[in-house]
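Below is one structure, written out as structure tokens; comments come after it.
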Amino acid sequence: MTDPEIMTADQRAEYALDLATRAGRGLGLQAEEPRVLHNVFNVLVHLAPHPVVVRVPALAVAMVEEQAAKQRRELAVAGWLADRGAPVVAPSPLAPREPVALDGRSLTFWEFVTETDPLSGVTDPAALEKRFVEQTGWAAQLHALLAGYPGDDLPVLSPLVPAVGLTLDELARNPHPMLTAAELDRARAEYAVLEALVQDFSACFPGARLQTLHGDSPAYNALRTATGHLFSDFEDVTRGPVEWDLTLVGPAGVEEYERVSGTAVDRALLDVMEGARLLQVVGALAFATLKPDLAPTLEPVVGLWRSRAPLSLPDAAAS
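Each residue of the sequence shown is one higher than the last, beginning at 1 in full-length UniProt numbering.
Here it is as structure tokens:
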């Protein structure tokens, strides 16, 4: 990992603030009051008073060239949606729709939006479930728009292959105490299952239709603003079955998606995708030594992964 990734959270935020400010100035944006909005896997910097947010990758195992390729896909899809009036956080018109390279990092520039009803303010479980059910219905509308995206060259399930493999390789080099050696072996065997699935998806699930997806649970990445909802964070945009975007939304969310979309969700495929999502979270333990407060948030999901049978393909595909 590169030097910024071995910094403390405060150091990463300070580093990202400086990097974003210098990158903005290179584009003529003289930010007078830059501020950090978010600091987890990415650091989001608002170049105030400009309506521009810079996303600076903070924790990553991919090389910068691979990050830039991923960002180009994100900008292309989010920009395509924005150009058609879709409810998305758009690339900033004050910056090129290209990653901006600086000091060996790859940055992207987005429009600043004000969230009026943040998720952090919802504490009642029933209200939280109602919110996710509604947002899963919105995801059905997003999928209808994404189905028209012309980029058939998008990789299939790229948030899984090779992304999860990279994090598991990192865990093999630097084990985390939450994961035993036997559990890491199980995780790597499950990743091999995902590789086989991606290699020939139609053989595993002949009835599945692959299309452009948000890639990172759009129901969890919807911002509520004074003028309506906006989907954000398309950095994992990919091709795949809609079931990948429906992981962990719960039965009521799936039913709402079917109601809004008018299409049936393949429960067997959803189960495989949910197992894959849990494996992705297991791989995220690779970042826990760099961000100490991350492991406690991952632990419940890792527990769900342990309680499931190991990921496998349908019998017809496995034979």
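Beta carbons: idealized from backbone N, C-alpha and C, even for Gly. Nothing here was measured: the structure is a model prediction, and the numbers come from that model.
Checklist entry - What are the start and end residues of the alpha helix (DSSP H) that includes residue 87? => result Element bounds for residue 87: n/a, residue is neither H nor E.
Checklist entry - Any idea which residues DSSP pairs residue 228 with across the strands? => result 225
Next on the checklist: Let me confirm a value: residue 365 is counted as buried when at least 16 other C-beta atoms fall within 10 Å, else exposed. Which label applies?
Outcome noted: The chain is shown only over 1 to 319; residue 365 falls outside these bounds and no answer can be derived.
Item to check | residue 302 - DSSP class collapsed to helix/strand/coil | outcome: helix
Item to check | Residue from 226, 222, 176 with nearest C-alpha to residue 233 | outcome: 222
Item to check | Burial state of residue 267 (16 or more Cβ within 10 Å) | outcome: exposed
Item to check | Alpha carbon of residue 238 to alpha carbon of residue 57, nearest angstrom | outcome: So the alpha carbons of these two residues sit roughly 19 Å apart.
Checklist entry - Where does the unbroken alpha helix (DSSP H) through residue 261 begin, and where does it stop? => result 250–261
Next on the checklist: Excluding the 5 residues flanking residue 10 on each side, which residues of the same chain have their C-beta closer than 8 Å to its C-beta?
Outcome noted: So the list is empty, once near-sequence residues are dropped.
Checklist entry - Closest to residue 116 by CA distance: which of 308, 270, 133, 230 is it? => result 230
Checklist entry - The alpha helix (DSSP H) spanning residue 159 covers which residue range? => result Premise fails: residue 159 is in no alpha helix (DSSP H) and is neither H nor E.
Checklist entry - Would you call the region 249–258 and the region 282–294 in contact, with 3 or more CB pairs under 8 Å? => result Flag = no, the region 249–258 and the region 282–294 do not touch.
Next on the checklist: Can you tell me which residues form a DSSP beta bridge with residue 214?
Outcome noted: The beta-bridge partner set that DSSP reports for residue 214 is empty.
Checklist entry - Looking at C-alpha atoms only, which residue of 21, 269, 31, 214 is the closest neighbour of residue 205? => result Checking every option, the nearest Cα to that of residue 205 belongs to 269.
Next on the checklist: With distance defined between alpha-carbon atoms, name the residue in 134, 226, 73 nearest to residue 252.
Outcome noted: 134
Item to check | 7 Å CB neighbourhood of residue 165 in its chain, flanking five on each side removed | outcome: Once the five neighbours on either side are set aside, the close Cβ partners of residue 165 are 191.
Item to check | For residue 314, three-class secondary structure by DSSP | outcome: coil
Checklist entry - In terms of DSSP beta bridges, what is residue 240 paired with? => result Per DSSP, 211.
Checklist entry - residue 226 to residue 278, Cα distance in whole Å? => result 34 Å
Checklist entry - Would you report the Cα separation of residue 68 and residue 151, rounded to the nearest angstrom? => result Rounded to the nearest whole angstrom, the C-alpha separation of residue 68 and residue 151 is 17 Å.
Checklist entry - Distance, Cα to Cα, residue 153 vs residue 124? => result 42 Å
Next on the checklist: I'd like the span of the alpha helix (DSSP H) that includes residue 23, first residue to last.
Outcome noted: Taken as a continuous stretch (DSSP letters only), the alpha helix (DSSP H) holding residue 23 covers 9–26.
Item to check | One or two residues paired with residue 105 in a DSSP bridge | outcome: Looking at the DSSP output, residue 105 bridges to 102.
Checklist entry - Is it buried or exposed for residue 136, if we count other Cβ within 10 angstroms and need 16 for buried? => result buried
Checklist entry - Around the C-beta of residue 174, are 16 or more other C-beta atoms found within 10 angstroms, so that it is buried, or is it exposed? => result Flag for residue 174 reads exposed.
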